[in-house]
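First the structure, in the form of structure tokens, and then the observations on it.
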Amino acid sequence: MSSRAAAKIKSTDQQADRPARLLAWYDRHRRTLPWRVVAGERADPYRVWLSEIMLQQTTVRAVGPYFEKFMSRWPDVTALGRASLDDVLRMWAGLGYYSRARNLHACAVAVLSEHGGAFPDTEEGLRGLPGIGPYTAAAIAAIAFDRCTMPVDGNIERVVSRLYAIEEALPQAKPQIKEMAATLLGPSRAGDSAQALMDLGATICTPKKPACALCPLNDDCTARTRGDQETFPRKAPKKSGILRRGAAFVVTRGGELLVRSRPEKGLLGGMTEVPGSQWLAGQEDAAALAQAPELKGVTHWHRKAGVVSHVFTHFPLELVVYAASVPSRTRASEGMRWVPIGTLDGEAFPNVMRKVVAHGLDL
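No gaps in the numbering here: position 165 of the sequence shown is 172 in the working numbering, and each next residue is one more.
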């Protein structure tokens, strides 16, 4: 047998053995996470679903404390489905991407009212629930119900794109990456296979300086063989959003702050905010100030030095902050309310509003 033929057979054997090598590595090095069961135990669909929703576009480190708080307050989907949306938004405040919180609550309500408090055990059934897309449905189906499917998150995209040196850039490469990721599924333990790839990407096959020497798949990783593993996955150039500008109005009445709730639909839907102007590209300060709330007792708006900057997924934002104090009997404008400053931590403020309030109150 020629050396080339022998190498080809070895390569084929290595590829066939990948699922087993991956699981063997996972059994030794699996991460301990608040939502993950110990080896041999069956995963709780509620915990899997809750963690997957929270982990969308958020790090494990950031999610951990929120997951524990939610589990303590609402230990199962029935409890969460009976909670108010306002309570859920308050508990979620600070985690960002608030449409996830609204979908989380809507999904719990749907599971309770339409499925008797039990999550569907198939990808198709799961995708019929609010806030559950293709990835989340596959993740829950694999991890909670051991369905033979491979979810593909950012970590798995990185591992697979390097393993096969997939040249097409994201997001166009997603279908090919998903197809190749499925080759890493063995005949059983689909959930463990998925979590093994997630852990591999999070701890070994990292974006920069991957620890290839420790990887169980390093012998037949195409990108490692070529030496360009850090260039994968290929990514199309990002489009930067246009800066939007606006004003925020921090109004106090003794020990109280004037707030309102944002519309249920749209950016930061249902969250709490101080009154403010529209957020528009190229908006001048005078135009933003003209949108101040009309309140008896406000004769002058004090402009705070500097601006509050925040970056959303699709655009950066700069807010000029104006402050004013009103007499103790001043009524809130329609759609607004007074809340004690001492209890602001319990309000469903998004991070941008927490910055605004801190800036306006000199906290």
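A virtual CB, placed ideally from N, CA and C, is assigned to each residue, including glycine. Computed from a predicted structure; not experimentally measured.
How far does the alpha helix (DSSP H) with residue i in it extend, from its first residue to its last?
{"i": "Ala-151", "result": "141–152"}
{"i": "His-112", "result": "106–121"}
{"i": "Leu-207", "result": "197–210"}
{"i": "Ser-316", "result": "First-last for Ser-316: 315–318, but that is the beta strand (DSSP E), not the alpha helix (DSSP H)."}
{"i": "Pro-1", "result": "Nothing can be reported for residue 1, as the shown portion of the chain is limited to 8 through 370."}
{"i": "Arg-79", "result": "Note that residue 79 corresponds to Ser in the displayed sequence, not to Arg. Residues 67–80."}
{"i": "Glu-164", "result": "161–170"}
{"i": "Thr-156", "result": "Here Thr-156 belongs to no alpha helix (DSSP H), and DSSP marks it neither H nor E."}
{"i": "Thr-85", "result": "84–88"}
{"i": "Asp-94", "result": "92–99"}
{"i": "Ser-58", "result": "52–62"}
{"i": "Gly-132", "result": "130–134"}
{"i": "Ala-220", "result": "Ala-220 -> no alpha helix (DSSP H), and no H or E assigned at all."}
{"i": "Thr-232", "result": "229–233"}
Roughly how many whole angstroms lie between the Cα atoms of residue i and residue j?
{"i": "Arg-361", "j": "Trp-32", "result": "43 Å"}
{"i": "Leu-87", "j": "Ala-115", "result": "6 Å"}
{"i": "Val-84", "j": "Trp-308", "result": "47 Å"}
{"i": "Leu-302", "j": "Leu-207", "result": "57 Å"}
{"i": "Asn-358", "j": "Ala-100", "result": "8 Å"}
{"i": "Lys-181", "j": "Ala-188", "result": "10 Å"}
{"i": "Leu-326", "j": "Arg-80", "result": "34 Å"}
{"i": "Ala-220", "j": "Thr-232", "result": "12 Å"}
{"i": "Ala-172", "j": "Gly-313", "result": "47 Å"}
{"i": "Gln-290", "j": "Leu-324", "result": "11 Å"}
{"i": "Phe-319", "j": "Gln-285", "result": "15 Å"}
{"i": "Glu-280", "j": "Asp-292", "result": "19 Å"}
{"i": "Ala-243", "j": "Ala-125", "result": "40 Å"}
{"i": "Asp-352", "j": "Val-346", "result": "11 Å"}
{"i": "Val-44", "j": "Ile-147", "result": "14 Å"}
{"i": "Ala-299", "j": "Ala-330", "result": "11 Å"}
{"i": "Pro-52", "j": "Ala-294", "result": "50 Å"}
{"i": "Arg-169", "j": "Glu-175", "result": "12 Å"}
{"i": "Phe-239", "j": "Pro-158", "result": "19 Å"}
{"i": "Lys-15", "j": "Gln-183", "result": "Caution is warranted here: a pLDDT of 43 is assigned to Lys-15, below 50, making its placement in the model unreliable, and no coordinate value can be reported."}
{"i": "Ser-195", "j": "Leu-102", "result": "35 Å"}
{"i": "Val-55", "j": "Ala-145", "result": "11 Å"}
{"i": "Leu-29", "j": "Ile-249", "result": "43 Å"}
{"i": "Pro-1", "j": "Asn-225", "result": "Lying before the first or after the last residue shown, residue 1 is absent from the chain, which here runs from 8 to 370."}
{"i": "His-122", "j": "His-317", "result": "40 Å"}
{"i": "Ala-355", "j": "Met-61", "result": "16 Å"}
{"i": "Lys-245", "j": "Leu-177", "result": "11 Å"}
Starting from the C-beta of residue i, find all residues in its chain whose C-beta is less than 7 Å away, skip the five residues before and the five after it, and write them out in chain order.
{"i": "Gly-304", "result": "Val-333, Pro-334 and Thr-337"}
{"i": "Cys-155", "result": "Leu-192 and Ala-197"}
{"i": "Val-328", "result": "Ala-255, Val-257, Lys-311, Val-315, Val-363, His-366 and Gly-367"}
{"i": "Gln-22", "result": "Asp-227"}
{"i": "Ser-340", "result": "Pro-300, Glu-301 and Leu-302"}
{"i": "Met-98", "result": "Lys-76, Phe-77 and Arg-80"}
{"i": "Ala-203", "result": "Leu-29, Leu-30, Trp-32 and Tyr-33"}
Residue i lies in the beta strand (DSSP E); which residues open and close that run?
{"i": "Met-343", "result": "343–347"}
{"i": "Tyr-33", "result": "Per DSSP, Tyr-33 belongs to no beta strand (DSSP E); it is in the alpha helix (DSSP H), 25–36."}
{"i": "Glu-291", "result": "That residue, Glu-291, is in no beta strand (DSSP E); it is neither H nor E in DSSP."}
Could you round the C-beta distance between residue i and residue j to whole angstroms and report it? I think they count as a contact, below 8 Å.
{"i": "Gly-283", "j": "Phe-256", "result": "6 Å"}
{"i": "Met-343", "j": "Arg-267", "result": "4 Å"}
{"i": "Arg-269", "j": "Gly-262", "result": "Not a contact, Cβ separation roughly 24 Å."}
{"i": "Arg-252", "j": "Leu-287", "result": "7 Å"}
{"i": "Ala-201", "j": "Ile-211", "result": "Actually they do not touch by this definition, with Cβ atoms about 16 Å apart."}
{"i": "Ile-150", "j": "Ala-50", "result": "5 Å"}
{"i": "Ala-108", "j": "Asn-162", "result": "About 24 Å separates the two Cβ atoms, so there is no contact after all."}
Near residue i, what residues of its chain come up, given a Cβ to Cβ distance below 6 Å and the 5 sequence neighbours on each side ignored?
{"i": "Thr-259", "result": "Ser-332"}
{"i": "His-112", "result": "Leu-92 and Val-95"}
{"i": "Asn-110", "result": "Pro-137 and Gly-138"}
{"i": "Leu-370", "result": "none"}
{"i": "Ile-348", "result": "Gly-262 and Leu-264"}
{"i": "Tyr-104", "result": "Gln-64"}
{"i": "Thr-143", "result": "Glu-59"}
{"i": "Phe-152", "result": "Asp-128"}
{"i": "Glu-371", "result": "Since the first residue shown for the chain is 8 and the last is 370, residue 371 is missing from the structure and cannot be characterised."}
{"i": "Val-167", "result": "Ile-184, Met-187 and Ala-188"}
Which residue or residues does DSSP assign as beta-bridge partners of residue i?
{"i": "Glu-263", "result": "Arg-260 and Pro-347"}
{"i": "Pro-244", "result": "Pro-244 is not bridged to any residue."}
{"i": "Gly-283", "result": "Ala-255"}
{"i": "His-309", "result": "Ala-330"}
{"i": "Leu-177", "result": "Lys-242"}
{"i": "Ser-268", "result": "Thr-279"}
{"i": "Pro-323", "result": "Val-318"}
If I measure Cβ to Cβ from residue i and keep anything under 8 Å in the same chain, skipping five residues before and after, which residues do I get?
{"i": "Pro-214", "result": "Arg-165 and Glu-237"}
{"i": "Gly-140", "result": "Arg-134"}
{"i": "Leu-119", "result": "Val-84, Thr-85, Gly-88 and Arg-89"}
Closest Cβ-Cβ distance between residue i and chain D: below 9 Å?
{"i": "Leu-287", "result": "In summary, chain D is missing from the structure at hand, where a single protein chain is found."}
Should residue i be listed as close to the ligand GTP, given that the test is whether its C-beta is under 8 Å from any heavy atom?
{"i": "Ala-299", "result": "Ligands displayed in this structure: none; no statement on the ligand GTP is therefore possible."}
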